[in-house]
């Protein structure tokens, strides 16, 4: 990696983490949504760094473009509400969550730090095309090895659509 | 330092942990949902990292499918949240506590 | 020829099945199927007998082990269901089907008009099948199955009048005592299997000589088999069920408790002769059980007032003679007496049944008397049976009893000192036999009638009952001529191939030298017993109770059958019942129910405590998921792969 790429990496990394903290810690939902958009775009930059152009584009289009817009619709529909930062119902929830989260992070870092070398290098299924023309390689894989999930996923989308319509339609009579 | 695979992975882990803490700590269902999205994205990052460093396209295909499914999930989840709001007139997961022993 | 052998076994079973399933057959159909199946089986048994006769007189030629099919295989052990056809089993099957048929013919008349007519014949056919299975099986397991089968049918038939509490109790008592015998048999089979690795006759009998002579193992096997024999044949100490078994209908008493089932013990010992030859100690035990039992049972018969119970004690006594015979390893003498006993005992029971039928089912001989004028046919046939049983020369019982007593005498003279005691007991018992049989005879048929109302109704039985009685009377006379002591012994010759088939140790099996001394002494005792009965019960014709008062203490002891039933009740029955009650009140309530209830309570407490995890808050559930995830991570951190 060139030094430019390293710089880009660090900037994007910090941005992503900042966005993440913003999602979790913001007082209002709108702020959380906007922070999430920041994080998502920083991740798209990461994908570009990792030479996954198609995924980067998909990230922007689908996630930042469609999913977050949907979130914002719903937030504005329902109105922004002020909540206390942490619930007072369950006093132990917050400390325990932080502790457990910290433990898990430590565990994962421990693993990752152990053997990074084994991840790189020649692999039996090493796809040379991937580094040259990402989209072509990705498309090849999607339409040959993963053709079945590819065909089934639209079914899932249709079901989700129908489900959403069924849940969301208004009912006759008094509000139950 | 030059970022290697471990940097990406640790970044993914941090984002994941942030998402977990968000799910466990916040009471607004929308924010919980967004934390879940954060977790999903961190996993996507991990997948793409491995795809790059192992030289196989499988990781990216997975990411693609995850995005699709996440989109579907968001659709249904938001529909549910709207429906609950119409029912309870306030958005607080702690209010949904009737299924207990 | 084998087909005929299988037919012998299967035909009575078919009779049972048909009679069980056919819902409302006419009386005639039941009689024909019930008795006819046994008759055809008898004919088939005759065919087998004739075939065996036609073979050369060697053990190999006169034995067929017809393997039906392999029934069970477990590793190297395999068990067949097959028939063991030799002179012994042929003899037994002839007795069972022949005498069985005659008794069934008698039952056609005896049970006429009874509601359970079909049930009776079905169960009798089943009994005959089980008994045939017992004598024809070629291994101990199937013998045991037949053994259990006759125990079951005995229970069913003793309890035939199941609405009578005394009959039900008697049936249960018989069954429980039989089960003790079954247990003994099973232990013997287990030891046999453990020591020899097989339970079929050919293997066991061939290899039993490899066990130490008079050693622990063969003695254990022999003694446990003896427990079974003692239970089934109503010998000391498992005999108290036999008198009570007279609750069943008279044909049942005749067939099961005189001619066949109770002789199964004798058959077992004779069949297992290689095992017994290997353990002379067990033989001695059998001989003593026989000798003591013969005298002991005879004395009880002297004081009993129930016509059938006297005959029951007589049966026990005569079977004791057979035990004594096989106990001195003269097996053919035991089987010979078994054959003759079947004839005259069945005849005697039929006579008793005729008397009962005539007197409205009264059993108490103190209410009888003078019946010879009203029932001449019964009188003469009963006399034939009585004369045969006491062993008057010329009648069948004489020849077989002489064979038995002479055999004991022979062994005693040959050096087995203890056998003198056995001989003495048997001789005295012969005298007692004469006494009680003729006491019965004189009280029932002679003198003045003691109940005029009953006497007026008395009459001879119907034709269908008289025919079998006549046949048996003839057999009781001529049947003995199979052997004349000192001259020839056809029975011993006929059975010799069976008892010489396997090489054995111990006392040599063969005919015993004739002893005039033994014969004369026995006859003297018999005459003495007869004279005592004649003097007391005929000449003086005392009023009832005279004997009881004069010999009061002895009479009380005999009348109450040495109080053995009471002893068993005190020592065995009551403790069992008490422990059962204790079990119910303590063990059942506190231990078992307590455990179960406490477990249920514990489940309740823990669930109350565990319920608190279900708070209803989604966030708590998510927290627990995270906790689980951490455990998994920790597992891998610690080093799991």
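Chains as they are written, first to last, in the numbering used here: chain A, 1 to 176; chain B, 1001 to 1101; chain C, 2001 to 2641.
Every residue gets a Cβ at the ideal spot worked out from N, C-alpha and C, and that includes glycine.
Note that the structure is a prediction, hence the values are computed from the model and not measured.
Residue 2446 (chain C) and residue 2376 (chain C) have their alpha carbons spaced roughly 12 Å apart. By the criterion of a C-beta distance shorter than 8 Å, residue 2430 (chain C) is surrounded in its chain by 2390, 2391, 2401, 2405, 2522, 2525, 2526, 2529, once the five residues flanking it on both sides are discounted. In this structure residue 2336 (chain C) touches residue 2483 (chain C) by the C-beta definition: roughly 6 Å separates them, less than 8 Å.
Per the C-alpha coordinates, the member of C:2462, C:2435, C:2387 positioned closest to residue 2357 (chain C) is C:2462.
Selection C:2448, C:2536, C:2038, C:2470 evaluated against residue 2122 (chain C) yields C:2038 as nearest (Cα-Cα). DSSP places residue 2079 (chain C) in the uninterrupted beta strand (DSSP E) bounded by 2077-2086. The C-alpha of residue 2382 (chain C) lies about 7 Å from the C-alpha of residue 2347 (chain C). With respect to chain A, the C-beta atom of residue 2638 (chain C) has no partner C-beta closer than 7 Å. For residue 2380 (chain C), there is no enclosing beta strand (DSSP E); the enclosing alpha helix (DSSP H) has its first and last residue at 2376-2390.
The alpha-carbon separation between residue 2273 (chain C) and residue 2083 (chain C) amounts to approximately 18 Å. Near chain C, meaning a CB-to-CB distance below 9 Å, the residues of the stretch 1071-1100 of chain B are 1093, 1094, 1096, 1097, 1098, 1099, 1100. Spanning the alpha carbons of residue 2310 (chain C) and residue 2403 (chain C) requires a straight line of approximately 25 Å. Contacts with chain A at 7 Å (Cβ-Cβ) do not include residue 1066 (chain B).
Assigned with DSSP and collapsed to three states, residue 2509 (chain C) falls in coil, not helix or strand. A distance below 7 Å separates the beta carbons of residue 29 (chain A) and residue 1031 (chain B). Counted as a single uninterrupted DSSP element, the stretch harbouring residue 2337 (chain C) is not any beta strand (DSSP E) but the alpha helix (DSSP H) occupying residues 2331-2358. The alpha carbon of residue 1021 (chain B) has as its nearest neighbour, out of A:139, A:9, A:104, A:113, the alpha carbon of A:104. With a contact defined as Cβ atoms closer than 8 Å, residue 35 (chain A) and residue 26 (chain A) qualify at about 6 Å. In this model, residue 1072 (chain B) and residue 167 (chain A) are separated by some 14 Å (Cα to Cα). At least 7 Å separates the beta-carbon of residue 2225 (chain C) from that of residue 2167 (chain C).
The beta carbon of residue 2622 (chain C) falls within 7 Å of a beta carbon belonging to chain B, placing the residue at that interface. No Cβ of chain A is located within less than 7 Å of the beta carbon of residue 1029 (chain B). Looking from the CA of residue 2046 (chain C), the closest CA among C:2093, C:2012, C:2033 belongs to C:2093.
In the structure shown, residue 2090 (chain C) falls within a helical segment according to DSSP collapsed to helix, strand and coil.
Among the residues facing chain A, residue 1021 (chain B) is included, as its CB has a counterpart in that chain under 7 Å away. Note that the C-beta distance between residue 2513 (chain C) and residue 2417 (chain C) is not below 7 Å.
Listed along the chain, the chain A residues whose CB falls inside 8 Å of the CB of residue 1014 (chain B) are 17, 20, 105. C:2241 is the residue among C:2480, C:2271, C:2241, C:2041 whose C-alpha sits nearest the C-alpha of residue 2565 (chain C).
In this structure, the alpha-carbon of residue 2570 (chain C) lies about 22 Å from that of residue 2585 (chain C).
The stretch 1001-1010 of chain B makes no contact with the stretch 2614-2623 of chain C, as fewer than three CB pairs between them are under 8 Å.
The C-beta of residue 1054 (chain B) comes no closer than 7 Å to any C-beta of chain C. Using a CB distance below 7 Å, the part of the stretch 2607-2633 of chain C facing chain B consists of 2611, 2614, 2615, 2616, 2617, 2618, 2619, 2622, 2623, 2626, ordered along the chain. Taking the Cβ atoms as the reference, residue 1061 (chain B) lies roughly 5 Å from residue 141 (chain A), within the contact range of under 8 Å. Taking 7 Å as the threshold, the shortest C-beta distance from residue 93 (chain A) to chain C falls below it. Within the stretch 21-51 of chain A, contact with chain B at the beta-carbon level (separation under 7 Å) is assigned to 21, 23, 24, 29, 32, 33, 36, 39, 40, 43, 46, 47, 50, 51. Contact of residue 146 (chain A) with chain C by beta-carbon distance below 9 Å is absent, the smallest such distance being about 27 Å.
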